[in-house]
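Below is one structure; the comments refer to it alone.
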Amino acid sequence: MSTTTRSAIPMPPAAAKALVAAGGLATAASTFVHWTWTSEFPGDLTVDGYPGGLQILTLVAGLLTALFALPLYHVKGTRWLSPAGPEAAALVLAAGAFATTWFTLIAISYELGGVANLEPGGYLAGLASLLPLLGALGLPREATAERWQSTGNPAAALRFAVSKLVGTRPDQRPAAPLNRWVEVLIIIAAAAIGLTVFTYGITTEYGELFIGFLILAAFGAWALMRGGLIAQLTAINARHRGTTTAAAFAAAAAFPFTQSDDHFASVGVNILIFATVALGLNVVVGLAGLLDLGYVAFLGVGAYAAALVSGSSSSPVGVHFPFWAAALTGMAAALVFGVVIGAPTLRLRGDYLAIVTLGFGEIFRIAVNSLDGISGPKVTNGPNGIRNIPDLDILGFNFGAEHSFGSFTLGRFANYFLLMLLVTAFVVVIFSRANDSRIGRAWVAIREDETAAQAMGINGFKLKLLAFALGAALAGLAGTVMAHVSYSVVPDPYQFAGPVPPNSAFLVAAVVLGGMGTISGPLLGATLLYLIPEKLVFLKNYQLLVFGIALVLLMRVRPEGLIANRRAQLEFHEDAADAEPPVTDEPVLTKAGA
Amino acid sequence: MTTSTVPAQRPADQAPGTPILEATGVIMRFGGLTAVNNVDLTVNSGEIVGLIGPNGAGKTTFFNCLTGLYVPTEGTVRYKGTVLPPKPHLVTQAGIARTFQNIRLFANMTVLENVLVGRHTRTKEGLFSAILRGPGYRRAEAESRERAMELLAFCGLDHKAEHLARNLPYGEQRKLEIARALASDPGLLLLDEPTAGMNPQETRAAEELVFAIRDKGIAILVIEHDMRFIFNLCDRTAVLVQGQKIVEGDRETVQNDERVITAYLGAPLEGATEAAAATEAPAASTDPSTEDDQ
């Protein structure tokens, strides 16, 4: 993989570079004219002079492409943008700009009924976004094009390209540590950028804009990974773990202050609940390797326990616990439930355990449906659930009321968002400390090889039960907050599979999609899995179909999840690193063959 | 030519110590099949005992009976005078550690983590102390790491502590399995074919390692197909054929026993030199790829 300078499209390197840079700028410029004639397409793309709606995404993509073209010209001070090689990052970003723009054009044509609805500005944008992609394909690249040309087999070339693109480059040299304060500033800047991107995504007002956002965010993240910036950032984060965690939580805590409307705060708090439960499930699935398909029941147990002691008028238990006591009650109830379910089932392994936990999850839902005073004792009011759960009041701070801090106003959901953030932080601390300990190592050992783990003196059953109980208690804790956030607790959400989270299937998907055994993986996976159904309501019946296809594709190209832990990365992409050596001698082979 | 492989002469200071492991009348039946039939075996302290036999003789099954993976149908296994509980983790806690015939490392954990898992029974820190991270927890964790690094150095793996176990070469994976077993501070180490698939140099290194372990005061029971390895190492060797122990004794006794020769080669031909058959037959059976009963 030394000095091959072939490219997918043959052209002079100077022309290719110019095409990327100019094309990026042209794409950005094309967003300042109107793309369609009617404002029926959401976001109003009919105005000249400034971009609107999806055009803003194209603008950002075009500018990013132009920015990442600078290292191609060796512009001083831009080398850090793509330390592992600017060509790959430029290609991925160019593809991102192309995808975002063409998605918009196709969406306009489809929704308004024909390409006639595109104005010249739209065609201009389509052509302009093609330029950087062509240019980037013309850049000298090492392996992908090589493989294609030498074998003449596009399928093999594509497979190789995918395996090369999704893996991080093994040959990247580790970055030298910077000044301590510079690194801290970088972490803060990264957290701020993360908050901005997240806030934009969560506040997208219509489905098309959200899809465009997802496309751009995915390509952007991919480009940063290919360019090596993510690896640099990870290295910096590893040197300042405390700072990184603090910055991430500060950014999350800043989220409600960026919102004037409580609606998105309510989305935010639900994401946090879902993400926290996913992190609890990660103890069970990611660390101990126990596939639990009925995990949402523990969330339900926590929520019901908290609702019963909340002082609600429809609760048959006439007590009103303060929050700390309610939280402990919820945790304890879920823990007991976890042990009761775990003790008989954890003697099973693998698929059998999954099926039995699935069954217990459904038993919980059916049981609370039946405890309505008719089919069974009156505890949960059956399908009506426990309603009118009063808002929390901690030390005189009423979570139901609006509070003003200077120019900021925090509504009801914003209050709960901040409370839930504390709970999430608590769960993160427990997860990371348990993971990095004698107990955590024993869990991972059981996941790797239970027989060998037992032969090393690990009491498999006891430790699996411990993982089950801890996971259940964490879910129960999240459930106590959830009961208060949603005013009422009803049996419906606590099922195995459904179109909206939280349900057990979505929880497992969030853990697997995000990355098993990591902290940020399930948080990110849960965020995506909550936002996608929330934003793609317009797909109606096709929602789960599209969702399923997306999951299958993702697992095909990135089986270790979005955020791979160190082990999984090595586990799944060993072949990608091994695939490099043949490249050098293949031209010789083709010559000999010809 | 057959006598040229002179075994390393063991020093005669091997006082037959107190019995560490006493297996009496162990019978293991799987339905109608009797895999281990009434086997008695004693391992004394400071001793290296070999267990050989043709494939399918029940050696690994016998091992599994000793370590609690199987509960013997009949018979008892005593370790230092107490009957062993039929649970693998309790056996390890009592002081018997083992390695596996087909390497069973925790492939996606680092080398150091593998050994730390081996320390599990000798440390006590539970979930709460892990979460609270008090000074006692940190001290215990530091001690565990120190001990694990010592063991890695002992096995010559300390420079690879942060590698993933799966990425080690085959011979080092075998060593790591031994280091992991030693981490539980055992009084008796059971090695199931420790040199399977190794080249002669690696086998030689493994011999040195086994002697070094014995010199730490750990008794060793080893299953092996490599006869040279067995006879170099072991103070005593027991031969298992079709679930039954047919002979036990030193090199000479085993090599000259007709039943052993029959078991490995079938009935001797008319007029064949028995002495030649005795030494060549076991040597021919050192096929690493053979599967034992598991």
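Chains as they are written, first to last, in my numbering: chain A, 368 to 961; chain B, 832 to 1125. Cβ atoms here follow ideal geometry from the backbone N, Cα and C, with glycine treated the same way.
Burial state of residue i (16 or more Cβ within 10 Å)
| i | result |
| --- | --- |
| S397/A | buried |
| L1020/B | buried |
| I916/A | exposed |
| H630/A | exposed |
| I473/A | exposed |
| E1039/B | exposed |
| K991/B | buried |
| E905/B | exposed |
| A692/A | exposed |
| D1118/B | Its pLDDT being 44, under 50, D1118/B is placed unreliably by the model, and nothing is read from it. |
| P919/B | buried |
| T907/B | exposed |
| D871/B | exposed |
| N1030/B | exposed |
C-beta contact flag for residue i and residue j at 8 Å
| i | j | result |
| --- | --- | --- |
| I858/B | P903/B | yes |
| L600/A | F784/A | no |
| V874/B | L1013/B | no |
| T941/B | E993/B | yes |
| L1071/B | L864/B | no |
| E1055/B | I1061/B | yes |
| G743/A | S737/A | yes |
| L506/A | A383/A | yes |
| F435/A | G579/A | no |
| V564/A | A457/A | no |
| I560/A | T611/A | no |
| A395/A | L448/A | no |
| A495/A | A393/A | yes |
| A450/A | A645/A | Residue identity differs from the one stated: residue 450/A is Pro in this sequence, not Ala. Not a contact, by the Cβ cut-off of 8 Å. |
Residues near residue i in its chain [Cβ-Cβ closer than 7 Å; skip 5 each side]
| i | result |
| --- | --- |
| D411/A | G419, G420 |
| V721/A | One point to set straight first is that residue 721/A is Ala, not Val, in the sequence displayed. Once the five neighbours on either side are set aside, the close Cβ partners of A721/A are L658, L660. |
| F873/A | L896 |
| P683/A | K745, V746 |
| M378/A | G505 |
| N868/B | I858, G1074, Q1075 |
| T1129/B | In this structure chain B extends from 832 to 1125, so residue 1129/B is not present and cannot be described. |
Cutoff 6 Å; reference residue i; Cβ partners in own chain excluding five residues on either side
| i | result |
| --- | --- |
| Y854/A | I756 |
| G709/A | L832, F835 |
| A809/A | I825, L830 |
| S876/B | G848, T849, I851, A1050 |
| G752/A | S855, V856, V857 |
| V650/A | A834, L837, G838 |
| S960/B | Y968 |
| A433/A | A388, G391, L392 |
Any non-hydrogen atom of the ligand ADP within 7 Å of residue i CB
| i | result |
| --- | --- |
| A461/A | Although the ligand ADP was asked about, the structure shown includes no ligands whatsoever. |
Where residue i meets chain A, residues with beta-carbon distance less than 7 Å
| i | result |
| --- | --- |
| P822/B | This structure gives no information on residue 822/B, because the portion of chain B shown stretches from 832 to 1125. |
| S1015/B | M823, G824 |
| T831/B | In the structure as shown, chain B begins at 832 and stops at 1125. Residue 831/B is therefore absent and cannot be evaluated. |
Contacts of residue i in chain B (Cβ-Cβ under 9 Å)
| i | result |
| --- | --- |
| R608/A | Per Cβ cutoff of 9 Å: no residues; R608/A is ~14 Å from chain B at best. |
| L837/A | L958 |
Under 8 Å from the C-beta of residue i: neighbouring residues of chain A
| i | result |
| --- | --- |
| T1026/B | Within 8 Å Cβ-Cβ: nothing; T1026/B doesn't reach chain A, min ~19 Å. |
| R929/B | A822 |
| Q924/B | G824 |
Where residue i meets chain B, residues with beta-carbon distance less than 7 Å
| i | result |
| --- | --- |
| R327/A | Outside the shown range of chain A (368 to 961) lies residue 327/A, about which nothing can therefore be said. |
| G800/A | Note that residue 800/A is Arg in the sequence shown here, rather than Gly. Those are A961, I962, R964, listed as they occur along chain B. |
| I797/A | I962 |
| R732/A | The contacting residues do not exist; R732/A stays about 29 Å from chain B at best. |
Amino acids of chain B, ordered along the chain, whose beta-carbon sits closer than 8 Å to that of residue i
| i | result |
| --- | --- |
| R716/A | Here the premise fails: no neighbours, minimum Cβ distance about 15 Å. |
| R925/A | Going along chain B, no residue has its Cβ under 8 Å from R925/A, so there is no contact; the nearest lies around 17 Å. |
Interface partners of residue i on chain A, CB under 9 Å
| i | result |
| --- | --- |
| R1011/B | A819, M823 |
Residues near residue i in its chain [Cβ-Cβ closer than 8 Å; skip 5 each side]
| i | result |
| --- | --- |
| Y901/B | M859, T892, N895 |
If you measure beta-carbon to beta-carbon, which residues of the segment 697–708 of chain A are closer than 8 Å to chain B? none
Please identify, using Cβ separations under 8 Å, the residues of the segment 810–833 of chain A that lie next to chain B, in order along the chain. Those residues of the segment 810–833 of chain A that come within reach of chain B (Cβ to Cβ, closer than 8 Å) are V811, A812, E815, D816, T818, A819, A820, Q821, A822, M823, G824, I825, N826, G827, L833.
For the segment 936–948 of chain B, which residues have a beta carbon sitting closer than 9 Å to at least one beta carbon of chain A? L936, F937, A938, N939, M940, T941, E944, N945, L947, V948
Along the segment 952–966 of chain B, where does the CB come closer than 9 Å to a CB of chain A? Name the residues. T952, R953, T954, K955, E956, G957, L958, S960, A961, I962, L963, R964
Quick one, which residues of the segment 572–594 of chain A are near chain B if we go by CB-CB under 7 Å, in chain order? none
Between the segment 1063–1074 of chain B and chain A, which residues of the former have CB atoms less than 7 Å from a CB of the latter, in chain order? none
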